[in-house]
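Here is the structure we will look at, set down as structure tokens.
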Amino acid sequence: MNDIIAVCPGSFDPVTVGHIDIISRASQMFSEVVVVVMQNRAKSPSFTIEERKEMLMEATKDLKNVRVDSFEGLLADYTEKIGAGAIVKGLRAMSDFEYEFQMALTNKKLNPNTETVFLTTRAENMYLSSSMVKQIGSMGGDISDFVPKELAEKIVERLKQRGSI
Ligand code: PNS
Numbered sequence: 001m002n003d004i005i006a007v008c009p010g011s012f013d014p015v016t017v018g019h020i021d022i023i024s025r026a027s028q029m030f031s032e033v034v035v036v037v038m039q040n041r042a043k044s045p046s047f048t049i050e051e052r053k054e055m056l057m058e059a060t061k062d063l064k065n066v067r068v069d070s071f072e073g074l075l076a077d078y079t080e081k082i083g084a085g086a087i088v089k090g091l092r093a094m095s096d097f098e099y100e101f102q103m104a105l106t107n108k109k110l111n112p113n114t115e116t117v118f119l120t121t122r123a124e125n126m127y128l129s130s131s132m133v134k135q136i137g138s139m140g141g142d143i144s145d146f147v148p149k150e151l152a153e154k155i156v157e158r159l160k161q162r163g164s165i
């Protein structure tokens, strides 16, 4: 095991089994993994930062070298602040690639001490996204295969309360 702190950033609105797969694989590669809930200005969230953090903490409680944090600002500033050596992102289809590549290059320019590492998604999570979970959940569909089991009920309840998609 290397001695590198890795950051798994995202909006996690809400966390899916795809996110947990990437976080858990990262936890086997790095000495410490910090999952950080961040703002994506292109998206308007359905869950508060605190709710997203709570859900991530519940879903990662058995991964001993994983902790959850949040940060308002640039990812490059966060990685510098905590001394992270890697940013771990999951890649699904080719459609993710251009955007992720742009972010990786920008983050490298802003903080040259951090490398972005891409992990390919499991085949069964190729189609999975938080926005799809929100759409299915808010319309009464079954999301239990898409989110950590212990969170499914809570997520559906909150989506219904907020009438969000
Ligand atoms: O789960 P997402 O929405 O794909 O995650 C994107 C996220 C939050 C990691 C990205 O938007 C981000 O890094 N936001 C923080 C602001 C920032 O650093 N922007 C410049 C990145 S090049």
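Residue numbers 1 to 165, in our numbering, belong to the letters of the sequence shown in order.
The beta-carbon is built from N, C-alpha and C at its ideal position, and this holds for glycine as well.
Model, not experiment: these values are computed from the prediction.
{"Asked": "Collapsed DSSP secondary structure at ILE82 in the structure displayed", "Found": "helix"}
{"Asked": "Sequence-ordered residues whose beta carbon comes within less than 5 Å of a heavy atom of ligand 1", "Found": "PRO9, GLY10, SER11, MET38, ASN40, LEU74, LEU75, MET103 and THR106"}
{"Asked": "Check whether VAL66 and ARG52 have beta carbons under 8 Å apart", "Found": "no"}
{"Asked": "LYS89 burial status per 10 Å Cβ neighbour count (16 or more: buried)", "Found": "buried"}
{"Asked": "Alpha carbon of LYS43 to alpha carbon of LYS64, nearest angstrom", "Found": "31 Å"}
{"Asked": "Proximity below 8 Å, CB of PRO45 to CB of ASP96", "Found": "no"}
{"Asked": "Cβ neighbour criterion (16 or more within 10 Å) applied to LYS61", "Found": "exposed"}
{"Asked": "Distance between beta carbons of SER129 and LYS160, contact taken as under 8 Å", "Found": "About 20 Å separates the two Cβ atoms, so there is no contact after all."}
{"Asked": "Cβ pair THR114, GLY141 closer than 8 Å", "Found": "no"}
{"Asked": "VAL7 versus THR16 - alpha carbon distance", "Found": "17 Å"}
{"Asked": "Cβ-based neighbour list, PHE71, same chain, cut-off 7 Å, excluding 5 preceding and 5 following", "Found": "VAL36, MET38 and TYR78"}
{"Asked": "Nearest candidate by alpha-carbon position, reference SER57, set GLU32, MET126 and VAL68", "Found": "Position check: residue 57 holds Met in this sequence, whereas Ser was assumed. Checked all of GLU32, MET126 and VAL68; the closest Cα to MET57 is VAL68."}
{"Asked": "Rounded separation between ILE165 and SER11 - CA only", "Found": "The pLDDT assigned to ILE165 is 49, lower than 50, so where the model puts this residue is not dependable; a value taken from the coordinates is nonetheless given after this. Their Cα atoms are separated by approximately 15 Å."}
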